[in-house]
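From first to last, the protein sequence lines are chains A and B.
Going by the numbering used here, the first residue of the first sequence is number 94, and it counts up by one from there.
Going by the numbering used here, the first residue of the second sequence is number 27, and it counts up by one from there.
Don't be surprised by glycine CBs; every beta carbon is placed ideally from N, CA and C.
Please read all numbers here as calculations on a predicted model, not as lab measurements.
Below is one structure, written out as structure tokens; the observations come after it.
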Amino acid sequence: MSLFLAAVEYGGPWHLPPVNELFEWPAFLFQDTIFAFNRVALLSLLAAVIAAVLFLIAFNKPKIVPGKFQAACEAVVDFIRDQIALQAMGSDGLRFVPLLTTIFLFVWMNNLFEILPFINFPPTSRMAIPAFLTAVVYVLYHFFGVKAQGLGGYLKNTLFPPGAPKALYILLTPIEIIQAFVSRPLTLAVRLFANMLAGHIILTLIFITIHAFLVFGPGLPVGLGALIASPLLVGFELVVGLLQAYIFTILTAVYIGGSLHPEH
Amino acid sequence: MEGDIGSIGAGLVYGLGAIGPGIGLGFLIGKAIEAMARQPEAAGMVRTTMFLGIAFVEALALFGFVLSFIV
Chain A
94 MSLFLAAVEY GGPWHLPPVN ELFEWPAFLF QDTIFAFNRV ALLSLLAAVI
144 AAVLFLIAFN KPKIVPGKFQ AACEAVVDFI RDQIALQAMG SDGLRFVPLL
194 TTIFLFVWMN NLFEILPFIN FPPTSRMAIP AFLTAVVYVL YHFFGVKAQG
244 LGGYLKNTLF PPGAPKALYI LLTPIEIIQA FVSRPLTLAV RLFANMLAGH
294 IILTLIFITI HAFLVFGPGL PVGLGALIAS PLLVGFELVV GLLQAYIFTI
344 LTAVYIGGSL HPEH
Chain B
27 MEGDIGSIGA GLVYGLGAIG PGIGLGFLIG KAIEAMARQP EAAGMVRTTM
77 FLGIAFVEAL ALFGFVLSFI V
């Protein structure tokens with residue numbers, strides 16, 4: 094992986110970090126135990142606390158005519174109810190709005206840390222957090238499928254989707270098995286992880302380019318170009334963070350909604 | 027920089043792996059926009075289905091991206 098950055102030539106008494114250094118943080122609390130606590134854990138905890146406190150402040154004493162802050166928080170919940178839950182799951186989706194709101198806010202806060210000055214690190218770019226969220230979603234959609242259709246009915250509807258010709262099941266069933274048990278959770282986790290990883294590497298590269306070419310190297314035009322491009326990239330990553338949170342939430346809704354009802 | 031055929035391979039893995047999903051995403055989003063323009067009242071349903079489709083197509087590109095670190 095360090096070869097990625099080795100392409101950048103640099104001079105002077107300046108250390109170019111390998112890529113692993115961007116993502117691996119030493120523990121600063123409870124070292125060498127299973128409770129080892131590093132910057133990633135701190136940030137993800139902070140994301141949960143910020144999201145919880147925002148909504149506690151907004152909805153602690155709800156007013157009938159909402160103030161600006163309450164209206165903004167209501168807009169988030171409205172968006173998740175109308176655009177995600179109702180669209181993807183129908184009227185069944187209403188009871189999943191709290192779950193979807195929690196997932197959306199947690200992922201979004203984690204993604205926002207990518208571009209927040211002085212933090213500049215998205216905890217979702219470590220595999221642990223997308224993998225954990227996906228494990229929760231994985232258990233949930235199988236659980237609600239079994240609860241709604243019974244174990245036999247759920248397996249039958251998932252593995253042998255009704256409406257296909259009998260002979261097609263030879264081809265269809267292995268695909269459905271792989272999709273339901275392997276590829277859905279894998280892609281759900283890897284999508285969020287890879288997008289955030291790529292975003293973090295790209296932002297680091299552009300900032301290193303600015304530093305290397307403006308301070309140490311003779312390539313002033315390259316440095317100036319990177320300097321002009323960097324706000325655009327930060328804005329792009331802002332959009333990517335929101336979009337990935339939205340996609341993660343809508344896929345959660347689609348997977349749970351799909352296991353609630355057998356396919357037509 | 028020392029010559030290393032592996033880094034070229036890693037670059038190729040991602041570059042080649044992104045071709046197919048790129049074409050696929052172009053088709054998918056283009057068709058979805060066409061559908062939304064023809065029938066604006068179905069836009070919500072089309073958008074949800076589009077994101078679902080994007081998720082499956084994009085997964086291929088992401089596999090390529092992750093594999094380029096492993097290769």
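Could you tell me which chain B residues have their CB closer than 8 Å to the CB of arginine 284 of chain A, listed as they occur along the chain?
Taking the beta carbon of arginine 284 of chain A as reference, the chain B residues within 8 Å of it are Ala81, Glu84, Ala85 and Leu88, listed in sequence order.
Buried or exposed, going by whether 16 or more other CB atoms sit within 10 Å of the CB of threonine 302 of chain A?
By the neighbour-count rule (16 or more Cβ atoms within 10 Å), threonine 302 of chain A is buried.
Closest Cβ-Cβ distance between serine 218 of chain A and chain B: below 9 Å?
So, not an interface residue.
Given a threshold of 16 other Cβ atoms within 10 Å of its Cβ, counted over all protein chains shown, does glycine 256 of chain A qualify as buried or as exposed?
Exposed is the call here.
On the DSSP bridge assignment, give the partners of phenylalanine 130 of chain A in chain order.
According to the DSSP secondary-structure assignment, phenylalanine 130 of chain A is paired through a beta bridge with A:Leu122.
Please classify isoleucine 157 of chain A: does DSSP put it in a helix, a strand, or coil?
Correct three-state label for isoleucine 157 of chain A: coil.
In chain order, what residues of the same chain have a beta carbon less than 8 Å from the beta carbon of proline 119 of chain A, not counting five sequence neighbours either side?
Contacts found: Asn131.
Going along chain B, which residues have a C-beta under 7 Å from threonine 340 of chain A?
For clarity, residue 340 of chain A is isoleucine in the given sequence; the question names threonine instead. Ordered by position in chain B, the residues that pass the 7 Å Cβ test against isoleucine 340 of chain A are Phe77 and Ala81.
Residue range of the alpha helix (DSSP H) that alanine 36 of chain B falls in?
Residue range 31 to 64 is occupied by the alpha helix (DSSP H) that includes alanine 36 of chain B.
Cβ separation of proline 215 of chain A and histidine 293 of chain A, assumed to be a contact under 8 Å, to the nearest whole Å
Separation of the CB atoms of proline 215 of chain A and histidine 293 of chain A is rounded to 6 Å, and the pair is thereby assigned contact status at 8 Å.
Is there a Cβ from chain B that is less than 9 Å from the Cβ of alanine 224 of chain A?
So no, alanine 224 of chain A is outside the interface.
Check whether the Cβ of alanine 221 of chain A lies closer than 9 Å to any Cβ atom in chain B.
Against chain B, the CB of alanine 221 of chain A has no partner CB under 9 Å away; the residue lies outside that interface.
Output the boundary residues of the alpha helix (DSSP H) element that contains phenylalanine 89 of chain B.
Element bounds for phenylalanine 89 of chain B: 69 to 96.
Between isoleucine 301 of chain A and chain B, is the shortest Cβ-Cβ distance under 9 Å, so that the two count as touching?
No, its Cβ sits nowhere closer than 9 Å to a Cβ of chain B.
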